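In our numbering, the protein residues as written are 142 to 498.
Glycine residues also receive a C-beta, built at the ideal position from the N, C-alpha and C atoms.
Remember, predicted model here, so these are calculated numbers, not experimental data.
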Ligand code: DOR
Ligand code: ZN
């Protein structure tokens, strides 16, 4: 349905965000509307403090998300379980069969924000993976090794070799999403597999910036995320994959808000807050690549197909209009240390979401 290039409008099925951090409490209230205005559903990451490791906690979190949603908005959170060394296969199966958990997330312990309780070694969760394969529950992977002797820029490629390839040999029927891929190695591994049980999400920031961005004019904490952005050749491989139309690649923003005080400090947090202009950011890439006609597949069709869900029936419209992205997002009662710096801060984007009013 995506209309042709140079069109002034782009109409597509309402998209979903297949990888999102919504946080909790006041932050949840601040960031949820930005996602809900664009996306019908989102896979909500479980790396809260404490993490979401039980069906009960996921139900309670889902309720908090629904309560934080402005009344006029329509949005369905899809919950995930946070895998630990001790999570029980029964808890996962129960949550999946009850329609509470859509998937389970594997964080290698200490790979990223709030992952200390993650999995210390894949051998710890053999029974969990067996059960997930048996019940066809998707496994979402933060694919980085944490070994301190592995260069931070190589951690994804090494994870694929050391862990993902053996894991998929052991569990060939398991549905796996390699989340927020950042390298040509990941693109090749997922693309070449040509297996409907293997997919990858791609973020807007990994399509727009390479590792130089973190160092232009000084240390740029707003461009620091994990997996960290890589060399230009990897960005080019990701752009080709996202715009290829291949069904194994789909949209997942990894929008991960941290207040300014968490980013601009001696040991800043990883995470890029891209939710306010996620769709416009992706559309810009597709246009630059001359592939606007492939945008709907990436944003709205490939994800539901992988997850076995219906595509959304509504449509949304992006219009060709210059949009100035704010330098920071605060609000009347927000202390500067609490501001959020959005992705594309201070830039102009050539597309804007059309709203009914
Ligand atoms: O940059 C990131 N931020 N990567 C992650 O894996 C986690 C996320 C967060 O929760 O802040
Ligand atoms: Zn994430």
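(1) I need the straight-line Cα distance from residue 144 to residue 185, nearest angstrom please.
(2) Let me check you understand the geometry: is the CB of residue 367 closer than 7 Å to at least one non-hydrogen atom of the ligand DOR?
(3) Does DSSP put residue 193 in a helix, a strand or coil?
(4) Name the DSSP beta bridge partners of residue 161, please?
(5) Could you check the C-alpha separation between residue 200 and residue 239 for me, to the nearest Å?
(6) Spell out a yes or no on whether the segment 296-306 and the segment 317-326 are touching, meaning 3 or more CB-CB pairs, one atom from each, closer than 8 Å.
(7) Per DSSP, what are the beta-bridge partners of residue 493 in this structure?
(8) Taking the continuous alpha helix (DSSP H) assigned at residue 423, which residues delimit it?
(9) Output yes or no for whether 8 Å exceeds the beta carbon distance between residue 282 and residue 247.
(10) Should residue 253 be listed as close to the ligand DOR, given that the test is whether its C-beta is under 7 Å from any heavy atom?
(11) Indicate the three-state DSSP secondary structure (helix, strand or coil) for residue 246 in the structure shown.
(12) Given a cut-off of 8 Å on the beta-carbon distance, is the pair residue 398 and residue 164 in contact?
(13) Let me know the secondary structure DSSP gives residue 267 once reduced to three states.
(14) Any heavy atom of the ligand ZN closer than 7 Å to the CB of residue 162?
(15) Given the structure, does residue 397 come close to the ligand DOR, in the sense that its CB is under 7 Å from one of the ligand's heavy atoms?
(16) With hydrogens ignored, establish whether the beta-carbon of residue 188 is closer than 7 Å to any heavy atom of the ligand DOR.
(17) Can the beta-carbon of residue 203 be found less than 8 Å from the beta-carbon of residue 220?
(18) Leaving out five residues before and five after residue 252 in sequence, what residues of the same chain have Cβ atoms less than 6 Å from its Cβ?
(19) With H, G and I counted as helix, E and B as strand and the rest as coil, what does DSSP make of residue 145?
(20) Contact between the segment 442-454 and the segment 468-486 is defined here as three or more beta-carbon pairs at a separation below 8 Å; is this criterion met?
(21) Does the beta carbon of residue 347 fall short of 7 Å from some heavy atom of the ligand ZN?
(22) With residue 390 and residue 439 assumed to form a contact (beta carbons below 8 Å), what rounded beta-carbon distance in angstroms separates them?
(23) Mind pulling the beta strand (DSSP E) runs of 3 or more residues that sit fully within the segment 301-356?
(24) Which term fits residue 91, buried or exposed, when burial requires 16 or more other beta carbons within 10 angstroms of its beta carbon?
(25) Less than 6 Å between C-beta atoms, sequence neighbours within five positions excluded: which residues of the same chain meet that for residue 314?
(26) Who are the near neighbours of residue 447 in its chain, counting only those whose CB is closer than 6 Å to its CB and skipping five residues on each side?
(27) Once DSSP output is grouped into helix, strand and coil, what is the label at residue 483?
(28) Would you be able to state if there are at least three C-beta pairs under 8 Å between the segment 206-213 and the segment 227-241?
(29) Considering only C-alpha positions, which residue in the set 222, 377 and 437 is nearest to residue 197?
(30) Alpha carbon to alpha carbon, what distance is there between residue 370 and residue 355?
(31) Skipping 5 residues on each side, what residues in its chain have a beta carbon closer than 6 Å to that of residue 148?
Straight from the coordinates:
(1) Here residue 144 refers to the residue found at position 3 when the chain shown is read from its first residue. Here residue 185 refers to the residue found at position 44 when the chain shown is read from its first residue. Note that residue 144 has pLDDT 47, beneath the 50 cutoff, so the model's placement of it is unreliable and the number below is only indicative. Each residue's alpha carbon lies about 30 Å from the other.
(2) Taking the first residue of the chain shown as 1, we reach residue 367 at position 226. Proximity of the beta carbon of residue 367 to the ligand DOR is indicated: a heavy atom of the ligand is located closer than 7 Å.
(3) For the purposes of this step, residue 193 is identified with residue 52 of the chain shown, where counting begins at 1. It is coil, neither helix nor strand.
(4) As a working note, residue 161 is residue 20 in the chain shown. For residue 161, which the question treats as bridged, DSSP gives the partners 185 and 396.
(5) Here the question's residue 200 lines up with position 59 in the chain shown. Here the question's residue 239 lines up with position 98 in the chain shown. As the crow flies, the alpha-carbon of residue 200 is around 11 Å from that of residue 239.
(6) Remark: three or more beta-carbon pairs, one from each stretch, lie closer than 8 Å, so the segment 296-306 and the segment 317-326 are flagged as touching.
(7) Along the chain shown, one-based indexing puts residue 493 at 352. 460, per the DSSP bridge assignment.
(8) Against the chain shown, residue 423 aligns to sequence position 282. Where residue 423 is concerned, the enclosing alpha helix (DSSP H) stretches over 419-429.
(9) One-based indexing of the chain shown puts residue 282 at position 141. One-based indexing of the chain shown puts residue 247 at position 106. Residue 247 is positioned such that its CB atom lies closer than 8 Å to that of residue 282.
(10) Indexing the chain shown from 1 puts residue 253 at position 112. Taking the Cβ of residue 253 as the reference point, at least one heavy atom of the ligand DOR falls within a distance shorter than 7 Å.
(11) Position 105 of the chain shown, counted from the first residue, corresponds to residue 246. It is a strand residue.
(12) The residue you call residue 398 lines up with position 257 of the chain shown. The residue you call residue 164 lines up with position 23 of the chain shown. Closer than 8 Å, so yes.
(13) For the purposes of this step, residue 267 is taken as the residue at position 126 of the chain shown. Correct three-state label for residue 267: helix.
(14) Position 21 of the chain shown, counted from the first residue, corresponds to residue 162. Yes - the ligand ZN has a heavy atom lying nearer than 7 Å to the Cβ of residue 162.
(15) Translated into positions along the chain shown, residue 397 becomes position 256. Between the ligand DOR and the CB of residue 397, the shortest heavy atom gap is smaller than 7 Å.
(16) Reading the chain shown from its first residue, position 47 is the one you call residue 188. Yes; taking the cut-off as 7 Å, the Cβ of residue 188 has a heavy atom of the ligand DOR nearer than that.
(17) Start at 1 with the first residue of the chain shown, and residue 203 comes out as number 62. Start at 1 with the first residue of the chain shown, and residue 220 comes out as number 79. Going by C-beta atoms, residue 203 is nearer than 8 Å to residue 220.
(18) Translated into positions along the chain shown, residue 252 becomes position 111. Only 283, 285 and 287 meet the Cβ criterion.
(19) Here residue 145 refers to the residue found at position 4 of the chain shown. Per-residue confidence for residue 145 stands at a pLDDT of 48, beneath the threshold of 50, marking its modelled position as unreliable; the derived number appears in the next sentence. DSSP places residue 145 in coil when its eight states are reduced to three.
(20) Verdict: no, contact absent.
(21) Against the chain shown, residue 347 aligns to sequence position 206. Checking every heavy atom of the ligand ZN against the Cβ of residue 347, none is found closer than 7 Å.
(22) The residue given as residue 390 occupies position 249 in the chain shown. The residue given as residue 439 occupies position 298 in the chain shown. With 8 Å as the limit, residue 390 and residue 439 qualify as a contact, their Cβ atoms being about 7 Å apart.
(23) Segments of the beta strand (DSSP E) lying fully in the segment 301-356: 317-319 and 339-343.
(24) The structure shown does not extend to residue 91, since the chain is modelled only from 142 through 498, so no value can be given for it.
(25) Counted from its first residue, the chain shown places residue 314 at position 173. Within the same chain, Cβ atoms closer than 6 Å to the Cβ of residue 314 are found at 274, the five residues on either side in sequence being excluded.
(26) Start at 1 with the first residue of the chain shown, and residue 447 comes out as number 306. Excluding its 5 nearest sequence neighbours in each direction, residue 447 has C-beta neighbours in its own chain below 6 Å: 340, listed in chain order.
(27) Numbered from its first residue, the chain shown carries residue 483 at position 342. If DSSP states are grouped into helix, strand and coil, residue 483 belongs with the strands.
(28) These segments do not touch.
(29) Working through the chain shown from its first residue, we reach residue 197 at position 56. The candidate whose alpha carbon is nearest that of residue 197 is 222.
(30) The residue given as residue 355 occupies position 214 in the chain shown. The residue given as residue 370 occupies position 229 in the chain shown. If you take the alpha carbons of residue 355 and residue 370, they lie about 8 Å apart.
(31) The residue given as residue 148 occupies position 7 in the chain shown. Excluding five sequence positions before and after residue 148, none of the CB atoms of its chain fall closer than 6 Å to its own CB.
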